[in-house]
Every structure is written in structure tokens, then in C-alpha cells.
Amino acid sequence: MKNITVIKKVSVGLLALLCIWGAFAATRMIVHSEAVASTGAMSPKTSLFAVLEKRRYVSDLYDLVGTDPEQLKQLQVSDLEQMFDQPELKRREGNLTVWQYRSDACVLDIYFRGDDETPLDYVLRPRNVAYFVGGEDSSVDLSEVDCIDTIISM
């Protein structure tokens with residue numbers, strides 16, 4: 000009977016010790032997270048989480064645009080940057096800004112009016128490649144969906 004009482008006391012003591020240690024560890028993690036956040040740096044856990052969240056978000060955007068490229072006009076600038084990264088070329092044409100993305104097979108031009116955050120229009124076209132050996136121009140015939148597939152960054 001004495002052994003059971005001793006075991007109970009030791010168990011209660013260990014449980015109390017674990018609770019105190021857990022509270023200390025949680026407080027330490029919160030303080031560390033706040034310190035990391037105040038410096039603007041990302042901890043390894045946060046950066047992994049951010050990468051996974053970006054991939055999931057880009058995948059959702061692709062599900063939307065990959066089946067209906069007209070949906071590009073509904074996206075915000077930040078969505079486009081998440082999906083395609085930075086454009087290879089940004090140019091101004093009067094009141095329009097054009098973002099250009101390119102792959103080996105095609106080109107995507109996205110047009111913005113003024114400071115609008117959503118695109119006014121877009122153009123997907125095959126990329127013409129000149130083959131100097133034969134002297135002929137050649138372009139790959141891709142659908143809009145296939146073109147987006149070649150440009151998207153995942």
C-alpha cells in the first residue's frame with residue numbers, strides 16, 4: 000500500500016513538473032515568435048508554413064484560371080504576383096501598363112489601366128521562334144490553358 004502511495008505522489012509531482020515545463024516552453028516560444036516578428040525575419044517553421052500556404056494558394060488560383068483564362072481579369076495584382084511571380088517586362092503605353100510573362104512556347108501580356116489593381120485585359124499568344132537554319136518562322140500551337148501551364152510558376 001505504501002508503494003502505491005509513493006507512486007501516486009511521484010506521478011503527481013512529475014505531472015506538475017511537466018505542466019510547469021510546458022508553460023515555460025510555450026512562453027519561450029511566444030517570446031521567440033514575437034522577437035522574430037519584430038525583426039521581420041522568418042523562423043524556419045514560419046517560412047516552411049508560408050511556402051506551403053503559397054503553394055496551396057497558387058494551386059487554387061491555377062484551378063480557377065487554368066480552366067478559364069478569362070478569370071485572369073478578376074485577379075488582383077497580388078494574386079498575379081503569387082501565381083506568376085514578377086513579370087519579365089513591365090512597360091507603359093499611354094495610360095496602360097503592360098506586364099509580360101514569357102515561356103519558350105508563348106507570351107502572356109496583362110494590361111492594367113492607370114493604378115487599377117485588376118487587369119483590364121490580357122493576350123495569350125504563341126511565341127514565334129526563328130530558325131535560322133531553315134530560314135522559316137515557327138510557332139507552337141497551344142491553347143490558352145496550355146500556354147498558362149507553360150508560364151505558371153509553382
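Numbering (numbering that gives the first Met the number 0), first residue to last: 0 to 153. The C-beta atom is built at its ideal place from N, Cα and C for all residues, glycine as well. Here the structure is a predicted model, which means the values were calculated and not measured.
field: Assumed close pair Phe79, Ile109 - CB separation to whole angstroms, cut-off 8 angstroms
entry: The residue labelled residue 79 in the question sits at position 80 within the sequence shown. The residue labelled residue 109 in the question sits at position 110 within the sequence shown. The question names Phe, but residue 79 in the sequence shown is Leu. At roughly 7 angstroms, the Cβ-Cβ gap stays under 8 angstroms, so Leu79 and Ile109 are in contact.
- request: Name the one or two DSSP bridge partners that Glu92 has.
  value: Here residue 92 is taken as the residue at index 93 of the sequence shown, counted from 1. Note: Glu92 sits in a beta bridge opposite Leu95.
field: Best match in Asn127, Asp148, Pro118 for proximity to Gln70 [C-alpha to C-alpha]
entry: On the sequence shown, residue 70 is found 71 positions in, with the first residue counted as 1. Among Asn127, Asp148, Pro118, the Cα nearest to that of Gln70 belongs to Pro118.
- prompt: Of the residues Gly113, Ser77, Glu143, which one's Cα is nearest the Cα of Val122?
  reply: Against the sequence shown, residue 122 aligns to sequence position 123. The candidate whose alpha carbon is nearest that of Val122 is Glu143.
Those residues which DSSP pairs with Asp108 across a bridge: As a position in the sequence shown, residue 108 is number 109, starting the count at 1. Partner(s): Gln99, Val122.
field: Anticipated Cβ contact below 8 angstroms, Thr96 with Phe83, distance rounded
entry: For the purposes of this step, residue 96 is identified with residue 97 of the sequence shown, where counting begins at 1. For the purposes of this step, residue 83 is identified with residue 84 of the sequence shown, where counting begins at 1. About 15 angstroms separates the beta carbons of Thr96 and Phe83, which is beyond the 8 angstroms limit, so they are not a contact pair.
query: Among residues of its own chain, excluding the 5 on either side of Asn94, which ones have a beta-carbon nearer than 7 angstroms to its beta-carbon?
result: Numbered from 1 along the sequence shown, position 95 holds the residue referred to as residue 94. Excluding residues within five positions, the ones whose Cβ falls inside 7 angstroms are Arg112, Gly113.
Between the CA atoms of Val64 and Arg126 - distance to the nearest angstrom: Your numbering for residue 126 matches position 127 in the sequence shown. Your numbering for residue 64 matches position 65 in the sequence shown. Roughly 20 angstroms separates the two Cα atoms.
Pair within 8 angstroms by beta-carbon distance, Cys105 and Ile151: The residue given as residue 105 occupies position 106 in the sequence shown. The residue given as residue 151 occupies position 152 in the sequence shown. Judged by beta-carbon spacing, Ile151 lies beyond the 8 angstroms limit of Cys105, meaning their Cβ atoms are not closer than that value.
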